[in-house]
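Taken in sequence, the protein lines are chains F and D. Position one of the first sequence corresponds to residue 1 (the UniProt record's numbering), numbered consecutively onward. Position one of the second sequence corresponds to residue 1 (the UniProt record's numbering), numbered consecutively onward. C-beta atoms are modelled at their ideal positions from N, C-alpha and C, and glycine is treated no differently.
There are 2 protein chains.
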Amino acid sequence: MSSRSADPLTLEVVELIGTVVARYHEEYEHAAAQHSLTGAQARVLNVLALEPMPMRRIARTLRCEPSNVTGIVDRLEARGLVERRPDPSDRRVKLAAPTDEGRATAGRLRDALDFAREPLAGLSVAERTLLRDLLRRMLGEPGA
Amino acid sequence: MSSRSADPLTLEVVELIGTVVARYHEEYEHAAAQHSLTGAQARVLNVLALEPMPMRRIARTLRCEPSNVTGIVDRLEARGLVERRPDPSDRRVKLAAPTDEGRATAGRLRDALDFAREPLAGLSVAERTLLRDLLRRMLGEPGA
DNA sequence: TATTGTTATACTCTATAACTATA
DNA sequence: TATAGTTATAGAGTATAACAATA
Numbered sequence: 001m002s003s004r005s006a007d008p009l010t011l012e013v014v015e016l017i018g019t020v021v022a023r024y025h026e027e028y029e030h031a032a033a034q035h036s037l038t039g040a041q042a043r044v045l046n047v048l049a050l051e052p053m054p055m056r057r058i059a060r061t062l063r064c065e066p067s068n069v070t071g072i073v074d075r076l077e078a079r080g081l082v083e084r085r086p087d088p089s090d091r092r093v094k095l096a097a098p099t100d101e102g103r104a105t106a107g108r109l110r111d112a113l114d115f116a117r118e119p120l121a122g123l124s125v126a127e128r129t130l131l132r133d134l135l136r137r138m139l140g141e142p143g144a
Numbered sequence: 001m002s003s004r005s006a007d008p009l010t011l012e013v014v015e016l017i018g019t020v021v022a023r024y025h026e027e028y029e030h031a032a033a034q035h036s037l038t039g040a041q042a043r044v045l046n047v048l049a050l051e052p053m054p055m056r057r058i059a060r061t062l063r064c065e066p067s068n069v070t071g072i073v074d075r076l077e078a079r080g081l082v083e084r085r086p087d088p089s090d091r092r093v094k095l096a097a098p099t100d101e102g103r104a105t106a107g108r109l110r111d112a113l114d115f116a117r118e119p120l121a122g123l124s125v126a127e128r129t130l131l132r133d134l135l136r137r138m139l140g141e142p143g144a
């Protein structure tokens, strides 16, 4: 069970991916902080910018407990970035939706995520296509 | 400043990287939880398994405040995975080092990180080499 | 009865500032 | 005076369990 992958090439790729993950996180937190948001708040705002949804579904999307979402949406709502609306078809449900300002913030947030964009500019279209296909296969995605 | 990268290919690669990051984190937290460790505790244990070091340097390595490290090492020490030793050359310094059990746990932890290893097994050596070079260039590393 | 969202609780991580013991 | 580590404090995220309203 131990030291299963002595292969140096594979280990290097694993380490490179670790570096990508670390850098991605730094950039994400930094971009969020520039708007005085925490990472968790930025993630919730981002999923809501794509599509308003019930509290419960936010939790499933972010893979956390529903009780956490209550607090995060509370803080976003207190800052006027998100609002809670009733669901006409089920009075138990509350739909969380971004305000206009919330949508604007989400947009600026995404623009700030230069991490993958700028480095990618150094790769040719053929190379980016190659990278896309390799990542797809690594993730076991359809079309790989 | 807005919507700088309309290029669909680049956007897809960015999204794939986001997926890699999310999956990597899940696997990491899961592996840590299997040993009743938090992600932060697992990260500290891992860097110490490579090389014992002063508290201050752990903080620099993990890019957090030194005061945080105190608590994390406290908890690792309470569980017998890490110990604090005096530094003979400077009595202000405390060197954090893994115990035998800490080293063993770190080893098992790394084995559990199948994320990048198993999917990578589906790629040929040539493809892994290609992926390595693309990631290197993306990260602006030497040898790219 | 089951589900949605919330509250209450407890723990960890995080940064800031102040403290101590060394240097 | 400067540095290493710690403590005190406060805010945020997290999971668990219990709760009210609704289905």
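Item                                                                                                                                                                                        : Value
Using DSSP bridges, identify the partner residues of D111(F).                                                                                                                               : None; D111(F) has no bridge partner.
Can you check the UniProt domain "HTH marR-type" (10-140) of chain D for any alpha helix (DSSP H) of at least 4 residues that lies completely inside it and give the ranges in chain order? : 39-50, 55-62, 66-78, 100-112, 117-121, 125-138
Keeping to the same chain, check which residues put their C-beta closer than 7 Å to that of R75(F); ignore five residues upstream and five downstream.                                      : Q41
Using a Cβ-Cβ cut-off of less than 9 Å, give me the residues of the segment 44-78 of chain F that come near chain D, in sequence order.                                                     : R63
Which residues in the same chain as I58(F) place their Cβ atom closer than 7 Å to its Cβ, once the five residues preceding and following it in sequence are excluded?                       : V44, V47, V69, A96
Where G107(F) and L139(F) are concerned, what is the direct C-alpha to C-alpha distance, given to the nearest angstrom?                                                                     : 27 Å
Can you round the beta-carbon distance between V20(D) and V20(F) to whole angstroms, since I take them to be within the 8 Å contact cut?                                                    : 7 Å
How many angstroms separate the CA atom of R56(F) from the CA atom of E118(F)?                                                                                                              : 35 Å
Which term fits T105(D), buried or exposed, when burial requires 16 or more other beta carbons within 10 angstroms of its beta carbon?                                                      : buried
With a CB to CB cut of under 6 Å and the five nearest residues on each side skipped, what residues in its chain are close to S89(F)?                                                        : none
So, at 8 Å on beta carbons, what are the nonlocal neighbours of A129(F) in its own chain, with the 5 sequence-adjacent residues on each side left out?                                      : In the sequence as displayed, the identity of residue 129(F) is Thr instead of Ala. Closer than 8 Å at Cβ, skipping near neighbours: no residue.
Out of R79(D), A78(D), P54(D), state which residue places its alpha-carbon closest to the alpha-carbon of S67(D).                                                                           : P54(D)
Answer with yes or no whether the minimum CB distance from G140(F) to chain D is below 8 Å.                                                                                                 : yes
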